[in-house]
Amino acid sequence: MKINESYLLKDDYVFTKINKNVAQFKEKYPKKRILNLGIGDVTCAMNRKLIEVMANALYEQTNKKTFKGYPPETGYDFLKNAIVNKYALKGISFICDEIFISNGAGCDVTNILNLFHNLTAVIADPTYPAYLNSNKFYGNDIILLPLTKQNNYKLLPYGLMEDRSYLIYICSPNNPTGVTLNHNELKTWVDFANKTQSIILFDNAYESFVEDNSPKSIYEVEGAKTCAIEVSSFSKSAGFTNLRCGFTIVPKELMRQNNSINNMWLKHQCTFFNGVPYHIQKGALFVLSSEGEKICQKNIKYYKTNVQILEKYLKYNNFEFVSSNNSPYIWVKIPTTQTSWQYFNFLLNTYGIVCVPGSGFGKCGEGYIRFSAFATREEINLAMKKLTKSAQYEIV
Ligand code: PLP
Numbered sequence: 005m006k007i008n009e010s011y012l013l014k015d016d017y018v019f020t021k022i023n024k025n026v027a028q029f030k031e032k033y034p035k036k037r038i039l040n041l042g043i044g045d046v047t048c049a050m051n052r053k054l055i056e057v058m059a060n061a062l063y064e065q066t067n068k069k070t071f072k073g074y075p076p077e078t079g080y081d082f083l084k085n086a087i088v089n090k091y092a093l094k095g096i097s098f099i100c101d102e103i104f105i106s107n108g109a110g111c112d113v114t115n116i117l118n119l120f121h122n123l124t125a126v127i128a129d130p131t132y133p134a135y136l137n138s139n140k141f142y143g144n145d146i147i148l149l150p151l152t153k154q155n156n157y158k159l160l161p162y163g164l165m166e167d168r169s170y171l172i173y174i175c176s177p178n179n180p181t182g183v184t185l186n187h188n189e190l191k192t193w194v195d196f197a198n199k200t201q202s203i204i205l206f207d208n209a210y211e212s213f214v215e216d217n218s219p220k221s222i223y224e225v226e227g228a229k230t231c232a233i234e235v236s237s238f239s240k241s242a243g244f245t246n247l248r249c250g251f252t253i254v255p256k257e258l259m260r261q262n263n264s265i266n267n268m269w270l271k272h273q274c275t276f277f278n279g280v281p282y283h284i285q286k287g288a289l290f291v292l293s294s295e296g297e298k299i300c301q302k303n304i305k306y307y308k309t310n311v312q313i314l315e316k317y318l319k320y321n322n323f324e325f326v327s328s329n330n331s332p333y334i335w336v337k338i339p340t341t342q343t344s345w346q347y348f349n350f351l352l353n354t355y356g357i358v359c360v361p362g363s364g365f366g367k368c369g370e371g372y373i374r375f376s377a378f379a380t381r382e383e384i385n386l387a388m389k390k391l392t393k394s395a396q397y398e399i400v
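Read in order, the letters of the sequence shown are residues 5 to 400 in the numbering used here.
Written out as structure tokens, the structure reads:
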């Protein structure tokens, strides 16, 4: 046996490296406050009603009649039906067998690689790091498409050969840039994927932050069912980063080399995954109800107000940044000649502010940082006041 040397990647995962730097700072200045606008984890506490729903479902395990053993590998029908109905409201029809309940988007966007050999991945630069790292672990060929000011940070299929097929990662709203692709832009990808027999992996983790008329699902685009897999998550929309639940849609129409990708993913999940706990799926079901949706919207509004506060302060301080109407992240150009890591350390050591250095998302992220609006309101206000030249300036 030989170890997979791809796991010996020299660079630490960006978030591990950030945590190390923050730990060193805490050791050096134990009394200084850390203002964490870095890792995109949610901070709003969960609603009591949602917790009660899950607690009651958990208590069902105490009764012989309602006790449950292993959950179905691909999820309970009650949750799949609710997801089918959610899409039906947008005029998109699925059947339960096309929905796979998972313990979050992270596993599915990486495990999907098990279905393919000799794969060429098309990934944005900068990107959510898991796409890149997982492809490196598998030794896949990788084509990086730069997201720059010149192309408005938009991922489009320019320069890709049309005589081969790819696995194309599209994250819209995007992590880290916050940019959303519109209907026409997604249609360009769908047409390209169908023409080249490529597959789009559409990461929909930030769908609930979309407030303009950008598509909230790749399947809003005609032709997507024959070329796209959509991965969704309750992590950011409903605060499930700890509880873990998401879902992936693999349409029956998605065929490659005369084989059903849906059947392949079914076999994969039944082999590699033993399902999501019943009470967590009951919580996810509640999230999809009209009452649950209203509750979740409250937290999303809170984070969106954080975005507005961040943007007002950044504007006031003449920072150049990508405006984020549809996203919890703000992609900020570093106002000095420092590298991303130098500026990260400057913000940490001067103000106790933690951001994510743009270069942690890829080479094209050099010269940028990412702020997360998932921090608490207090942290956002304090961090921005510290950054602001005039301490008198009050945001309204
Ligand atoms: N995809 C993107 C683009 C993300 O930003 C994240 C988490 O930050 C994930 C997937 C992982 O989500 P989950 O918590 O559902 O695993």
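Every residue, glycine too, gets a C-beta built ideally from N, C-alpha and C.
Predicted, not measured: the structure shown is a model, and the values here were computed from it.
{"Item": "As assigned by DSSP and simplified to three states, the class of LEU148", "Value": "strand"}
{"Item": "3 or more residues per run - each beta strand (DSSP E) lying fully within the region 202 to 285", "Value": "203 to 207, 232 to 237 and 250 to 253"}
{"Item": "C-beta contact flag for SER202 and ILE222 at 7 angstroms", "Value": "no"}
{"Item": "Alpha-carbon spacing of GLY243 relative to THR392, whole angstroms", "Value": "30 angstroms"}
{"Item": "Span separating the alpha-carbon of ASN51 from that of PHE290", "Value": "11 angstroms"}
{"Item": "Boundaries of the alpha helix (DSSP H) in which PHE348 is found, first to last residue", "Value": "344 to 355"}
{"Item": "Supposed close pair LYS140, LEU13 - CB separation, criterion 8 angstroms", "Value": "6 angstroms"}
{"Item": "CB contact flag (ALA61, LYS286, <7 angstroms)", "Value": "yes"}
{"Item": "Sequence-distant residues of its chain with Cβ nearer than 6 angstroms to ILE233 (five each side left out)", "Value": "LEU205 and VAL254"}
{"Item": "CB contact flag (VAL126, TYR170, <7 angstroms)", "Value": "yes"}
{"Item": "C-beta contact flag for GLU211 and LYS220 at 7 angstroms", "Value": "yes"}
{"Item": "Continuous alpha helix (DSSP H) stretch holding CYS111: start and end", "Value": "109 to 115"}
{"Item": "Rounded straight-line distance, which links the Cα of CYS48 to that of ALA92", "Value": "30 angstroms"}
{"Item": "Rounded C-alpha distance that separates TYR397 from CYS359", "Value": "Caution is warranted here: a pLDDT of 49 is assigned to TYR397, below 50, making its placement in the model unreliable, and the coordinate value is therefore given only provisionally. Computed Cα separation, rounded: 22 angstroms."}
{"Item": "Nonlocal neighbours in the same chain, by C-beta distance under 7 angstroms from SER138, ignoring five residues either side", "Value": "THR114 and LEU117"}
{"Item": "From HIS187, ASP216, MET165 and SER10, residue whose alpha carbon lies closest to that of LEU136", "Value": "SER10"}
{"Item": "Distance, TYR63 Cα to ALA395 Cα", "Value": "With a pLDDT of only 47 at ALA395, under the threshold of 50, the placement of this residue in the model should not be trusted; the figure read from the coordinates follows. Taking the straight line from one Cα to the other gives about 52 angstroms."}
{"Item": "Three-state class that DSSP yields for PHE120 in the structure shown", "Value": "coil"}
{"Item": "Contact belief for ARG248 with ASN107 at Cβ below 8 angstroms, rounded distance in angstroms", "Value": "4 angstroms"}
{"Item": "Where the beta strand (DSSP E) containing TYR306 begins and where it ends", "Value": "No beta strand (DSSP E) holds TYR306; the alpha helix (DSSP H) holding it covers 294 to 320."}
{"Item": "Coil, strand or helix - TYR80 by DSSP", "Value": "coil"}
{"Item": "Closer than 6 angstroms to the ligand PLP: residues, by C-beta to nearest heavy atom, in chain order", "Value": "GLY44, GLY108, ALA109, GLY110, VAL113, TYR132, CYS175, ASN179, ASP207, ALA209, SER237, SER239, THR245 and GLY250"}
{"Item": "PHE290 - DSSP class collapsed to helix/strand/coil", "Value": "helix"}
{"Item": "Segments of 4+ residues assigned as alpha helix (DSSP H) that fall wholly inside the region 36 to 83", "Value": "52 to 63"}
{"Item": "Buried or exposed (CB count within 10 angstroms, at least 16 for buried), ASP112", "Value": "buried"}
{"Item": "VAL183 in three-state terms, based on DSSP", "Value": "coil"}
{"Item": "Residues bridged to LYS337 (per DSSP)", "Value": "TYR372"}
{"Item": "Beta-carbon gap between PRO332 and SER344 smaller than 7 angstroms", "Value": "no"}
{"Item": "Three-state class that DSSP yields for PRO161 in the structure shown", "Value": "coil"}
{"Item": "Backbone secondary structure at LEU190 - three-state DSSP", "Value": "helix"}
{"Item": "TYR173: first and last residue of the uninterrupted beta strand (DSSP E) it sits in", "Value": "171 to 175"}
{"Item": "Collapsed DSSP secondary structure at ILE96 in the structure displayed", "Value": "coil"}
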